Amino acid sequence: MKRLLLVLFAGLVLAGCASSGVDPLAPKTVNSVNLKRYQGTWYELARLPMYFQRDCAQSEAHYTLKPDGNVAVLNRCLTPQWQWEEVKGTASPQVPGKTDKLWVEFDTWFSRLIPGVAKGEYWVLYVSDDYKTAIVGDPSRKYLWLLSRTPTVNGVVREELLSKARQQGYDTTRLIWRASDRQMAKTSN
Numbered sequence: 001m002k003r004l005l006l007v008l009f010a011g012l013v014l015a016g017c018a019s020s021g022v023d024p025l026a027p028k029t030v031n032s033v034n035l036k037r038y039q040g041t042w043y044e045l046a047r048l049p050m051y052f053q054r055d056c057a058q059s060e061a062h063y064t065l066k067p068d069g070n071v072a073v074l075n076r077c078l079t080p081q082w083q084w085e086e087v088k089g090t091a092s093p094q095v096p097g098k099t100d101k102l103w104v105e106f107d108t109w110f111s112r113l114i115p116g117v118a119k120g121e122y123w124v125l126y127v128s129d130d131y132k133t134a135i136v137g138d139p140s141r142k143y144l145w146l147l148s149r150t151p152t153v154n155g156v157v158r159e160e161l162l163s164k165a166r167q168q169g170y171d172t173t174r175l176i177w178r179a180s181d182r183q184m185a186k187t188s189n
């Protein structure tokens, strides 16, 4: 059993270290994000399916710029049973001084057990000039979030976000859209 755990741990470490440099097929990020303007509350309009958000009907992220240049993260998820679940973490630049590609590590039992291994890539693919909408993904295109400063956007803004995500090679037909408060009220009755 010890040998199996050692082999699994070594595999995780090696997988985390593997890199072939810049992937020309990876999504394109914005070149710079003003983290001071980016901080605050973002509402998830839509996301690609993922295990750790499987029970989320509505999600939001709260970002706070820390004095060290990193970002404190509080992700909240409202379940169909009207219960909030939340997780805290920290986002830090993958490359010092560059703010478009961040590592996010959440404070979980796993990250406390093996620090630094359970980091996720948070790539800002688009942010509007007024910092009211954003698109976040990862280089594998497994993860995608369409974000807004408000829980809803009009149809024009929605189509613009979808178009930008498709241009980056994301399958927007698989998106899970935020449940409206009306939909939530129907499921709780």
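Quick note on full-length UniProt numbering: the sequence shown kicks off at 1 and runs consecutively.
Note that CB positions come from ideal geometry on N, CA and C, so glycine has one too.
Small disclaimer: the values here were computed from a predicted structure and weren't measured.
Between the alpha carbons of residue 27 and residue 48 lies a gap of roughly 15 Å.
By DSSP's assignment, residue 58 forms a beta bridge with 78.
Judged by DSSP in its simplified three-state form, residue 173 adopts helix. Secondary structure at residue 179: coil, using DSSP grouped into helix, strand and coil. Checking the DSSP bridge columns, you'll see residue 122 partnered with 102. Relative to the Cα of residue 50, the nearest Cα in the group 177, 96, 143 belongs to 143. Here residue 81 is exposed, its C-beta having fewer than 16 other C-beta atoms within 10 Å. The C-beta separation of residue 94 from residue 125 comes to about 14 Å, leaving the pair out of contact by the 8 Å criterion. For residue 162, the three-state secondary structure derived from DSSP is helix. With respect to the C-alpha of residue 147, the residue from 176, 83, 120 having the closest C-alpha is 176. In this structure, DSSP gives residue 51 a helical state, which the three-state scheme calls helix.
Within the model, the alpha-carbon separation for residue 141 versus residue 85 is close to 25 Å.
Pairing residue 145 with residue 119 gives a Cβ-Cβ distance that is not under 7 Å.
Annotation for residue 35: the continuous alpha helix (DSSP H) segment containing it runs 35–38. Taken atom to atom, the span from the alpha-carbon of residue 154 to that of residue 96 is near 36 Å.
Taking a C-beta distance under 7 Å as the contact criterion, residue 25 and residue 65 do not qualify as a contact pair. DSSP places residue 137 within a strand segment (E or B) once states are collapsed to three. Rounded to whole angstroms, the separation of the alpha carbons of residue 74 and residue 88 is 5 Å.
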